[in-house]
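Trainee: This note's numbering puts the first residue of the sequence shown at 20, with every later residue one more than the last. For each residue, glycine too, the CB sits at the ideal point set by N, CA and C. After the structure tokens below, expect a handful of questions from me.
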Amino acid sequence: MEKRRVVITGMGSVNPLGHNIAQTWQAVKDGVCGIAPITQYDASKQKVHLAAEVKDWDPTSVLDKKEVRHMARYSQLAMASAKEAVADSGLDLEALDRTRCGVIVSSGVGGIAITEIEQMRCSEKGFDRASPFYIPSTIANMGAGLIAIAFGFQGMCTCPVTACAGGTNAVGDAFRHIRDGYAEVMLCGGAESAVTPLSIGGFT
20 MEKRRVVITG
30 MGSVNPLGHN
40 IAQTWQAVKD
50 GVCGIAPITQ
60 YDASKQKVHL
70 AAEVKDWDPT
80 SVLDKKEVRH
90 MARYSQLAMA
100 SAKEAVADSG
110 LDLEALDRTR
120 CGVIVSSGVG
130 GIAITEIEQM
140 RCSEKGFDRA
150 SPFYIPSTIA
160 NMGAGLIAIA
170 FGFQGMCTCP
180 VTACAGGTNA
190 VGDAFRHIRD
200 GYAEVMLCGG
210 AESAVTPLSI
220 GGFT
């Protein structure tokens with residue numbers, strides 16, 4: 020069987036260099052460094068005080084305020100990037116066969132910040148007091164799931180968990196999915212938000 024040609028039609032990103040593709044590419048050309056002192060929490064008692072954070076980003080600038088309340092930060096980053104990628108692609112969503120469109124978005128640790136908060140809260144108040152939103156907001160594949168729901172993509176929806184290779188793994192899997200005839204459109208990439216006391220301590 021002849022292998023099909025696969026092309027990238029749209030891109031999106033929220034990262035330490037920029038809140039969209041245009042800002043990111045300009046920062047790359049300008050030689051901007053995305054690594055700086057940690058601001059998401061007080062890291063003064065830890066050995067490591069630097070990280071590559073997404074700074075000064077308001078998720079409600081691109082996402083619905085009600086949705087944001089129940090989304091881990093990594094899912095917010097994934098969803099915002101996906102929205103930009105779909106808009107950039109020029110796809111006519113209404114003309115697509117959504118059963119032939121899928122999502123492969125990776126995350127290594129999902130909503131680890133929420134896990135840390137819930138662990139500390141429940142250690143004090145009892146584990147039956149865990150938030151009912153804890154599991155659905157923190158699991159690593161929720162970013163992919165939310166994207167599939169948002170765009171009505173009904174094909175393959177999965178989340179490779181391969182640490183720092185996750186996003187690249189997702190792109191490779193999506194490429195093969197289209198090339199080998201399983202789908203016409205795949206929305207793929209990776210999202211992480213792991214600048215937390217435990218994560219930084221672990222990497223230290």
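1) If you follow the alpha helix (DSSP H) that Cys183 is in, where does it begin and where does it stop?
2) Of the residues Asp107, Asn39, Asp49, which one's Cα is nearest the Cα of Asp77?
3) What separation, rounded to the nearest whole angstrom, lies between the Cα atoms of Ala182 and Met30?
4) Any idea if Tyr93 is buried or exposed, counting beta-carbon neighbours within 10 angstroms, 16 or more meaning buried?
5) Counting only the same chain and skipping the five closest in sequence on each side, list residues whose C-beta sits under 7 Å from that of His196.
6) If we ignore side chains and look at the alpha-carbon of each, how far apart do Asp75 and Gln45 end up?
7) In this structure, how does DSSP classify Asn188 when only helix, strand and coil are distinguished?
8) Please give me, in chain order, every unbroken run of the beta strand (DSSP E) with length at least 3 that falls completely inside the stretch 82-113.
9) What would DSSP say about Ile54, mapped onto helix, strand or coil?
10) Would you call the stretch 128-148 and the stretch 103-113 in contact, with 3 or more CB pairs under 8 Å?
11) Report yes if the CB atom of Ser6 is closer than 8 Å to the CB atom of Asn188, and no otherwise.
12) Compute the beta-carbon to beta-carbon distance between Val33 and Ser100, rounded to the nearest angstrom, for a pair I have assumed lies under 8 Å.
13) Is Leu206 helix, strand or coil by DSSP?
14) For Thr43, name the three-state secondary structure that DSSP assigns.
15) Helix, strand or coil for Leu217 per DSSP?
16) Would you mind working out which of Leu217, Gly209, Gly191, Thr223 sits nearest Val26, comparing C-alpha positions?
17) I'd like the span of the alpha helix (DSSP H) that includes Ile133, first residue to last.
18) Give the secondary structure of Ile123 by DSSP, where H, G and I count as helix, E and B as strand, and everything else as coil.
19) In or out: Ala210 buried (at least 16 other Cβ within 10 Å) or exposed?
20) Please classify Thr79 as buried or exposed, where buried requires at least 16 other C-beta atoms within 10 Å of its C-beta.
Mentor: In short, the structure shows the following:
1) As a first step, residue 183 must be located in the sequence shown, where it is residue number 164. No alpha helix (DSSP H) contains Cys183, which DSSP labels as neither H nor E.
2) On the sequence shown, position 58 is the one that residue 77 refers to. Ranked by Cα distance from Asp77, the options Asp107, Asn39, Asp49 are led by Asn39.
3) Numbered from 1 along the sequence shown, position 163 holds the residue referred to as residue 182. Numbered from 1 along the sequence shown, position 11 holds the residue referred to as residue 30. For Ala182 and Met30, the distance between alpha carbons rounds to 22 Å.
4) Numbered from 1 along the sequence shown, position 74 holds the residue referred to as residue 93. With 16 or more other Cβ atoms within 10 Å, it is buried.
5) Here residue 196 refers to the residue found at position 177 of the sequence shown. Beyond the five residues adjoining it in sequence on each side, His196 comes within less than 7 Å, by CB distance, of Gly121, Met175, Ala202, Met205 in the same chain, given in chain order.
6) By one-based count along the sequence shown, residue 75 stands at place 56. By one-based count along the sequence shown, residue 45 stands at place 26. The C-alpha of Gln45 is placed about 17 Å away from the C-alpha of Asp75.
7) Sequence index remark: in the sequence shown, residue 188 carries index 169 (1-based). Three-state DSSP puts Asn188 in a helix.
8) Fully enclosed beta strand (DSSP E) runs of no fewer than 3 residues are not present anywhere in the stretch 82-113.
9) Within the sequence shown, residue 54 is the residue found at index 35, counting from 1. Three-state result, Ile54: coil.
10) In the pairwise beta carbon analysis, the stretch 128-148 is classified as not touching the stretch 103-113: fewer than three pairs are separated by under 8 Å.
11) The shown model of the chain, from 20 to 223, leaves out residue 6, and the question about it has no answer.
12) Your numbering for residue 33 matches position 14 in the sequence shown. Your numbering for residue 100 matches position 81 in the sequence shown. Between Val33 and Ser100, the beta carbon gap of about 5 Å places them in contact (Cβ cut-off 8 Å).
13) Locating residue 206 in the sequence shown gives position 187, counting from the first residue. DSSP places Leu206 in strand when its eight states are reduced to three.
14) For this step, residue 43 is matched to residue 24 along the sequence shown. DSSP places Thr43 in helix when its eight states are reduced to three.
15) For the purposes of this step, residue 217 is taken as the residue at position 198 of the sequence shown. Helix.
16) Within the sequence shown, the letter at position 7 stands for residue 26. Selected option, being the one with the closest Cα: Gly191.
17) Against the sequence shown, residue 133 aligns to sequence position 114. Taken as a continuous stretch (DSSP letters only), the alpha helix (DSSP H) holding Ile133 covers 131-144.
18) As a first step, residue 123 is located in the sequence shown; it is residue number 104 there, counting from the start. Ile123: strand per DSSP, three-state reduction.
19) As a first step, residue 210 must be located in the sequence shown, where it is residue number 191. By the Cβ neighbour-count rule, Ala210 is buried, with 16 or more other Cβ atoms within 10 Å of its own.
20) By 1-based counting over the sequence shown, the position of residue 79 is 60. Exposed, because fewer than 16 other Cβ atoms sit within 10 Å of the Cβ of Thr79.
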